[in-house]
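Trainee: This is the structure I have questions about; it appears just below.
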Amino acid sequence: MDRIVRAARRREEEEAAMAATLGLMMFHKTERDFFHRLVRDLGQEPAAMRWVMALWLWLETAGHHDFIRRVAALPGPVVLRFVDEAVACLARLPRRRAQQQQLAAAAEADGDTAVRLLPCTNALLVEPIDGVSYFDAHRDEIMEGVGTLYKNVCRIVFDDAAVFLHENVRASFQLGGSTPKMLTTAASSPVRIAPIPPPPPPARLNPMASPWFPVQQHNPLPEDYRSLFITFSRGYPIKQEDIMAFLNSAYGPCVESVMVEKAAPGQLPVYGRVVLRSAAMIPVVLDGQQTAKFLINGRHLWARIYVPSSKPANYA
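Numbering (my numbering), first residue to last: 15 to 330.
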């Protein structure tokens, strides 16, 4: 009798653990889908990407909400810029030798000055940080948070065996049979399942343009945090409407306004400012670089992240 009771109790514990795992995976469906994109579509190493996802989850717990969802909405080449920056940050944190080896090859990107400044990551943070040196100054605190998320979330949610289990349970449920006991247990477990809305359809004004996904912000950032500083070749300015039309055609309806220098009489403007609808579009337009160069109606335009100045600019 005792053997039967112990076996029943063990089975209940296994079912409860399985239900908790399924609940956790359903809660993190967006993160799982993005992880699979990183590995399958963008060719990244799964072991390293678990740590990258742990770092991004930590950023969200630190107040930078929807960070992963916003990165996931970006084109592949820009996403890889975010990955390079995440790996550079992780290289500053203390880890066991085996964990360091998982990121050793990718951490070579830390030698790139542009990566160390974290231009892409900072574009999505509520308050920018001082590059990878921030992780040097707070390494123990950050590693504790990142390590906890890696252990309790990423090793479970991004585990191939767990994914296989989830897919099979979902398939059996969709075939029309009775609800599996594991799902019934999950429904009554303390794990809260957050509803995940479907992603908005991409807007495409130009069939050759990259897809643009509007990033919803309940409280839009001030213009200074979602602006680009632009310059023209001297004597060859570009009209505001032409700049807006070009960027909206290339990246979707991402531009809120364009301002151009109010030049003195007899002079031509040489600089301006583009205000984007979302800070998330900054690394997209700049292609993850510090500066970008465009050719609009035969004239050159240079763009970089806007840095507010104590001296007010004179715009028309």
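A virtual CB, placed ideally from N, CA and C, is assigned to each residue, including glycine.
1) Return the chain-ordered list of same chain residues with a C-beta closer than 8 Å to the C-beta of Ile156, the five sequence neighbours on each side being excluded.
2) Return the chain-ordered ranges of every alpha helix (DSSP H) run that is complete within the region 271-319 and spans a minimum of 4 residues.
3) Give the C-beta separation of Ser323 and Val288 to the nearest angstrom, bearing in mind that I take them to be a contact with Cβ-Cβ under 8 Å.
4) Starting from Tyr250, follow its DSSP beta bridges and name the residues at the other end.
5) In the structure shown, what three-state DSSP assignment does Val269 receive?
6) Could you pull the DSSP bridge partners for Leu242 from this structure?
7) Relative to the alpha-carbon of Arg169, which residue among Val298, Met295, Glu45 and Val85 has its alpha-carbon at the smallest distance?
8) Pop quiz: Ile82 and Phe41 are said to be a contact at Cβ under 8 Å. What is the actual Cβ separation, rounded to whole angstroms?
9) Are at least three pairs of beta-carbons, each pair with one atom in the region 261-272 and one in the region 56-75, less than 8 Å apart?
10) Which residues does DSSP pair with Tyr329 in a beta bridge?
11) Please list, in chain order, all residues of the same chain as Leu261 whose beta carbon is under 6 Å from its beta carbon, the five residues on each side excluded.
12) Report back the beta-carbon spacing between Gln304 and Arg318 to the nearest angstrom; my notes put them in contact at under 8 Å.
13) For Gly249, which residues in the same chain have their Cβ closer than 8 Å to its Cβ, ignoring the five residues on either side in sequence?
14) Buried or exposed: where does Asp98 fall if 16 or more other Cβ atoms within 10 Å of its Cβ makes it buried?
15) Expressed to the nearest angstrom, what Euclidean distance is found between the alpha-carbon atoms of Leu131 and Asp55?
16) Taking the alpha helix (DSSP H) that Lys43 belongs to, which residues open and close that run?
17) Report yes if the C-beta of Met40 is less than 6 Å from at least one heavy atom of the ligand SAH; otherwise report no.
18) For Asn166, report the span of its alpha helix (DSSP H) as first-last.
19) Taking only the alpha-carbon atoms, compute the straight-line gap between Pro89 and Asp154 and give it to the nearest angstrom.
Mentor: In short, the structure shows the following:
1) One-based indexing of the sequence shown puts residue 156 at position 142. Correct list, in chain order: Trp72, Leu107 and Phe149.
2) 296-299
3) As a working note, residue 323 is residue 309 in the sequence shown. As a working note, residue 288 is residue 274 in the sequence shown. Wrong, their Cβ atoms sit about 16 Å apart, outside the cutoff.
4) The sequence position of residue 250 within the sequence shown is 236, counting from 1. DSSP lists Ser247 as partners of Tyr250.
5) By one-based count along the sequence shown, residue 269 stands at place 255. Here Val269 sits in strand by DSSP.
6) Your numbering for residue 242 matches position 228 in the sequence shown. Paired residue(s): Val288 and Ile319.
7) In the sequence shown, residue 169 corresponds to position 155, counting from 1. Of Val298, Met295, Glu45 and Val85, the residue nearest in Cα terms is Glu45.
8) As a first step, residue 82 is located in the sequence shown; it is residue number 68 there, counting from the start. As a first step, residue 41 is located in the sequence shown; it is residue number 27 there, counting from the start. At roughly 13 Å, the Cβ-Cβ gap does not stay under 8 Å, so Ile82 and Phe41 are not in contact.
9) no
10) Taking the first residue of the sequence shown as position 1, residue 329 is located at position 315. Tyr329 is bridged to Glu275.
11) If you number the sequence shown from 1, residue 261 lands on position 247. Around Leu261: Val269.
12) As a first step, residue 304 must be located in the sequence shown, where it is residue number 290. As a first step, residue 318 must be located in the sequence shown, where it is residue number 304. Yes, they are in contact, since the Cβ atoms of Gln304 and Arg318 sit about 6 Å apart, within 8 Å.
13) Start at 1 with the first residue of the sequence shown, and residue 249 comes out as number 235. For Gly249, where only same-chain residues beyond five positions count, the Cβ hits under 8 Å are Leu282.
14) As a working mapping, residue 98 is identified with position 84 in the sequence shown. Buried, since its Cβ has 16 or more Cβ neighbours within 10 Å.
15) If you number the sequence shown from 1, residue 131 lands on position 117. If you number the sequence shown from 1, residue 55 lands on position 41. For Leu131 and Asp55, the distance between alpha carbons rounds to 27 Å.
16) Within the sequence shown, residue 43 is the residue found at index 29, counting from 1. Element bounds for Lys43: Lys43 to His50.
17) Among the components modelled here there is no ligand, and therefore nothing to report on the ligand SAH.
18) Numbered from 1 along the sequence shown, position 152 holds the residue referred to as residue 166. Here Asn166 belongs to no alpha helix (DSSP H), and DSSP marks it neither H nor E.
19) The residue given as residue 89 occupies position 75 in the sequence shown. The residue given as residue 154 occupies position 140 in the sequence shown. Rounded to the nearest angstrom, the two C-alpha atoms are 33 Å apart.
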